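With UniProt numbering, you'll find the sequence shown wraps up at 382, consecutive numbering, no jumps. All residues carry an ideal CB built from backbone N, CA and C; glycine is no exception. This one's a predicted model, so the numbers in the text were calculated from it and none came from an experiment. Worksheet: one structure, shown below.
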Amino acid sequence: PAQQTARPGLLGRLLGRREDGPVLRRTLDDEMLESLEELLIAADMGVDTALRVTANMAEGRMGRKLSAREIKQLLASEIARIMEPVARPLPLYPKTPQVILVVGVNGSGKTTTIGKLASQFRGAGKKVVIAAGDTFRAAAVQQLQVWGDRAGVPVLTAPEGSDPASLAFVAMTKAQADGADLLMIDTAGRLQNRQDLMEELAKIVRVIRKKDPEAPHNTLLVLDATTGQNAINQVETFRKLADVSGLVMTKLDGTAKGGILVSLADRFGLPIHAIGVGEQIDDLAPFDPEEFAAALTG
Ligand code: GDP
């Protein structure tokens, strides 16, 4: 299985390497809890979540002597408990085309994620259409076409600077006419002018609803896990701009900041549909709470 995070675990430094040695037992005391809290905060879990995790872990166990391994397991199970409710694959609906609006700031991995998802859907026998809705960034459109080619999925584009909502309408019409199962719509990620972006997203939603009142069926927010606590602000911002229904967390490979997922889960409870674990087309994995917790603490 794909690694949920490639980093060595958090606790190595605190507990030493000989984790399984029966010799190494530590007392679960205030000092130990403080050290654990610091590690969790350093991994971007956020202060509130870190305090809650350690408090739960310590409940009824203060003063006990625990092996390093037991400490890791306790911590991992607390983390997994928070993550389990949000580990949910993207729901697929019988009614087609299912419209997936993809939002997120530039650089978060939207294009890559759309490509990876398209490839997975196609592999599952679905007919997919992509709309390159970030019409103001020519580079983004080109990049999406590259991903579409890789995935073997058509990418609908519009002239640079044209109205994304018009493209969304054309794409919706085509997806319906072609009997597509899924339509993924990329969107602009410039937060510099939120009012503009909000109107742009609202207009896209308005026009696709002319074709299907229930669309979009999912609004995926793509977040870069390496941005740490900044991801919290992004969720708050995008929830004001769109009706975010779930998250994809990218760049989980190569970050020591995986704690941000716990913070997000604890705070918003939004489903995490998938995680990005690399730059290649197959590097998108379902989110596995136990594996994630074990890797984070391990
Ligand atoms: P967009 O601006 O949001 O569309 O972002 P892109 O999809 O262009 O991605 C920005 C950069 O992040 C690119 O260099 C991608 O290769 C990289 N990237 C995206 N997802 C992942 C991931 O899961 N892991 C890693 N390591 N890199 C990723």
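According to the DSSP assignment, A242 belongs to no alpha helix (DSSP H), since it is labelled neither H nor E. Looking at the DSSP output, R110 sits in a beta bridge with L150.
Relative to the non-hydrogen atoms of ligand 1, the Cβ of D372 never comes closer than 7 Å to any of them. For the pair L281 and L325, the CB atoms are nearer than the 8 Å cut-off. When DSSP reads this structure, V187 sits in a beta bridge with L305. When the Cα atoms are used, E168 and E298 turn out to be separated by approximately 28 Å. In this structure, ligand 1 has a non-hydrogen atom nearer than 7 Å to the beta-carbon of E363. According to DSSP, residue pairing for L331 in a beta bridge involves L305, I356. With a beta-carbon spacing of about 7 Å, Q313 and I344 fall inside the 8 Å limit used to define contacts. By the C-beta criterion, the region 216-236 is judged to be in contact with the region 262-279, since at least 3 inter-stretch pairs fall below 8 Å. In the structure shown, I365 adopts coil according to DSSP, grouped into three states.
In the three-state DSSP reduction, Q313 falls in the coil class, being neither helix nor strand.
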